[in-house]
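To keep things clear, I will list the structure first and then write my remarks on it.
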Amino acid sequence: MSLNVVTKSVKLSDGREITIETGKLAKQADGSVVLKMGNTMLLATVVSSKDAKDDVDFLPLSVDYQEKFASAGKIPGGFLKREGRLSDQEVLICRLVDRALRPLFPDDYHADTQVFIQLISLGDGDLPDALAALAASAAISVSDIPFNGPISEVRVAYKEGEYLINPTKAALEGAELDMIIAGSATDIMMVEGEMHEVSEDIMIGAIKAAHDAIKEQCALQVELAEAVGSLVKREYNHETHDEELAADIKAKTYDKIYAVAKEGIADKALRKEKLTAIKDEYIESLPELPEGEEYSDFLINKYFHKTEKEAIRNCVLDTRVRLDGRQLDEIRPIWSEVDYLPSAHGSAVFTRGETQSLTSVTLGTKMDEQMIDGAVHSGYNKFILHYNFPGFSTGEVRPNRGPGRREVGHGNLAWRALKPMLPPDDENPYTIRVVSDILESNGSSSMATVCAGALALMDAGVPLKRPVSGIAMGMISDSETGKYAILSDILGDEDHLGDMDFKVTGTDEGITACQMDIKVDGLSYEVLTEALMQAKAGREHILGKIKETLSEPRADLKSHAPRSKVVRIPKELIGAVIGPGGKIIQEIQKESGATISVDEDDKNGIVSIFATDGKAMEDAYRRINNITAMPEEGEIYVGKVKSIQPFGAFIEFMPGKDGLLHISEIKWERVEKMDGIMEIGEEVKVKLIEIDKKTGKFRLSRKAILPKPEKKKD
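Using UniProt numbering, the first residue of the sequence shown is number 1, and each one after it goes up by one.
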């Protein structure tokens, strides 16, 4: 059997080569490619139905990314020993690819479409997440599926004054900026990443550097598609149109919708009620149809929504006043409160307009760390952030079936925003879990999570370097007239009706995280820079409101929060603290009530003690100190008699350390024999009088701490 294999390649700036091959694997898919960089390989496939379901006005696209454990020579953990539901990391990569691909499908293409990317081989130190969208776009490009691509994604890092494209894991260490950027040959479409308080100029420079690499990778895909001969796309017709109905709806509702938008109604429910009334009034005005015929609710809703979007956008561009009456750069009213939950270790309520987050902080021990078990990433995570978005927050009835991809993505963005401001691991003994419950939502709930999270962490006494705030920016534009409006602190409706959703978080020193989705072509760097600077002013305003509530971390933890104490010990004493089979450490925990964990770094053993009770803390600390302290000549100890010999007794004066109490050192009076002098297990106060320099043996004395009897007078 002959294969028609086509291969194309492109080199990165550091000399590494990316190769894309098609025609060898998964040939029954509509499109499939294998992307290879070094020893890292991704298999990407795409399949799209030939027909669309009735009354669907969106693209039913699903993107799945899965990392096979065998790709890294690993066997999955757990009972089943097979890949299960997607991990949070895999979900985040799915979202990165989905957000880059989705805008490039034709607006009228509504067939069920699935993109599936699998990591099938992992090279040492490679980060495959930045290659997934390139592989997916290439698979679509070699298919007959309509697509206005190609696109690509790259990781860009800023380190020591240079921009690095798709760096290895080692090269990424210590970078000030880590972003994944997606785009076509002409436009940037998506940005997501984290930074260590960088400036807007550095961020813009990173986007420009990434776009240069993206252009080369898009050209590679065009060459691949031409070589395969797949530039002719399938014909389709997924929409039923009624131009007369569309024109009638616009003629009779546009001005009314425009008037409602111009009112500047801040209440989302009231605004929705007025807009719904316009639609209901139109439906009631429709003439009756002959028997057996009826109007299409689907088309009425579709055309009304299209008219609504056009009227509201034009109103903002014409009047420079927004849907809720605010100016373009105006932030909604903010109020916040800390210490709201008396039993939590830290808590805050943050409300901005009709968006509200109730956030809690819990401080745990090393045993509470999250274990990461993946093909690419493994280890432990001691900072956890969870974001919950229940139906009632938007007045909807929705079953609670656990976090979806949106919740995972929003939580990760807030996690990235706050993480750079936490103390380093070697200064932070706690596992920290932040939970944001969105109680009301009308836009920008992930940014409310950042603000509430910063307040709750400071309320818990976690020593944040600086408080963090976040803002969601939007944009409405008209390509024909060149008009545009950049909107600060967007509403949910402005997100839905707008051309850009740009979330930026940071401190008063710089940006810590960002996430941007652009829904139009041709956003210039000048407009992007303007949006960033307007976002900076908004962040600073919100940061001021945060500081009015709580300007810095509390000096102490809550009374019911676990206290910690860290003891650094020589590595050779770790075994003495743990004991055979963990006997010693378990005994200390049981008898003191404290929780103890033992770790090590390059130089020392690190013993972390956690307790909510001061007595438990001191008891555990004293016992560990006794085990790890070095004996000192001249010190007095309370020991236990371990054995009795004719010449004296062996006393355990420190855990694991025995010394000889010679018969001549028991008391000042002469002792002839040991019978009846001491009992095994008896506590004896002794003084360490000598450590033999050659043998390391310990000589103890009891009489040295007893008063010396006076000599009898004749």
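The beta-carbon is built from N, C-alpha and C at its ideal position, and this holds for glycine as well.
Keep in mind that this is a model prediction, so the values were computed, not measured.
For residue i, the nearest candidate out of the options (CA to CA)
i: Val6; options: Thr19, Asp14, Leu12; result: Thr19
i: residue 715; options: Arg322, Glu235, Asp675; result: Any question about residue 715 goes unanswered here, given that the chain covers just 1 to 714.
i: Lys571; options: Ile578, Ser564, Glu600; result: Glu600
i: Ala157; options: Ile145, Ile180, Gly379; result: Ile180
i: Glu427; options: Pro60, Gly391, Ser608; result: Ser608
i: Leu497; options: Ile331, Asn237, Leu317; result: Leu317
i: Ala414; options: Ala472, Ala485, Ala185, Ile278; result: Ala472
i: Asp212; options: Asp501, Ala182, Thr22, Ile202; result: Ala182
i: Ser343; options: Lys268, Ala269, Val361; result: Val361
i: Gly659; options: Lys667, Val504, Glu632, Pro60; result: Glu632
i: Leu418; options: Ala448, Phe392, Gly391; result: Ala448
i: Lys483; options: Gly470, Asp499, Ser469; result: Asp499
i: Ser137; options: Ala185, Tyr254, Gly605, Phe389; result: Ala185
Backbone secondary structure at residue i - three-state DSSP
i: Gln221; result: helix
i: Thr186; result: coil
i: Thr45; result: strand
i: residue 793; result: Nothing can be reported for residue 793: it is not among the residues displayed for the chain, which extend from 1 to 714.
i: Met533; result: helix
i: Pro103; result: helix
i: Val504; result: strand
i: Ala209; result: helix
i: Arg433; result: strand
i: Met37; result: strand
i: Thr307; result: helix
i: Ile214; result: helix
i: Gln89; result: helix
i: Glu369; result: coil
i: Arg320; result: coil
i: His410; result: helix
i: Trp668; result: coil
i: Ile204; result: helix
i: Val10; result: strand
i: Val193; result: One detail in the question is off: residue 193 reads as Gly in this sequence, not Val. Looking at Gly193 - three-state DSSP - the assignment turns out to be strand.
i: Val63; result: strand
Backbone CA spacing between residue i and residue j [nearest angstrom]
i: Ile651; j: Asp692; result: 16 Å
i: Ile588; j: Met630; result: 19 Å
i: Pro463; j: Val47; result: 50 Å
i: Ile334; j: Ala460; result: 22 Å
i: Asn381; j: Glu369; result: 6 Å
i: Ile636; j: Glu679; result: 20 Å
i: Lys615; j: Ala209; result: 58 Å
i: Leu172; j: Asp178; result: 8 Å
i: Ile372; j: Asp112; result: 33 Å
i: Glu548; j: Arg554; result: 14 Å
i: Leu487; j: His305; result: 21 Å
i: Val527; j: Leu328; result: 15 Å
i: His345; j: Pro467; result: 18 Å
i: Pro655; j: Val567; result: 17 Å
i: Val684; j: Val638; result: 6 Å
i: Lys642; j: Arg622; result: 21 Å
i: Val260; j: Gln515; result: 31 Å
i: Ser9; j: Ile120; result: 19 Å
i: Asp495; j: Gly443; result: 7 Å
i: Gly193; j: Gly402; result: 25 Å
i: Glu21; j: Lys81; result: 31 Å
i: Ala611; j: Ala454; result: 25 Å
i: Pro106; j: Ile145; result: 10 Å
i: Leu164; j: Leu131; result: 15 Å
i: Ala44; j: Arg102; result: 16 Å
i: Tyr303; j: Ala246; result: 6 Å
i: Ser551; j: Gly544; result: 9 Å
i: Ile574; j: Arg433; result: 28 Å
i: Ile207; j: Gly593; result: 53 Å
i: Arg11; j: Glu17; result: For the sequence presented, residue 11 should be read as Lys rather than Arg. Distance between the alpha carbons of Lys11 and Glu17 is about 4 Å.
Short CB-CB distance (under 8 Å) between residue i and chain C
i: Lys503; result: As a matter of chain content, chain C is missing from the structure shown, which is built from one protein chain.
Any alpha helix (DSSP H) of 4 or more consecutive residues that is wholly inside the stretch 435–491: 445–459
Meets three-Cβ-pair contact criterion under 8 Å: the stretch 534–544 and the stretch 504–521: yes
Sufficient close CB pairs (3 or more, under 8 Å) joining the stretch 517–524 to the stretch 425–440: no
The stretch 20–40 / the stretch 49–60 touching (three or more Cβ pairs under 8 Å): no
Any 3 or more C-beta pairs closer than 8 Å across the stretch 218–237 and the stretch 114–133: no
Sequence ranges, beta strand (DSSP E) only - wholly within the stretch 567–642, length at least 3: 595–600, 604–611
Every unbroken alpha helix (DSSP H) within the stretch 227–267, with a cutoff of 4 residues, ordered by chain: 243–263
Contained beta strand (DSSP E) runs [length at least 3] in the stretch 91–156, N- to C-terminal order: 111–121
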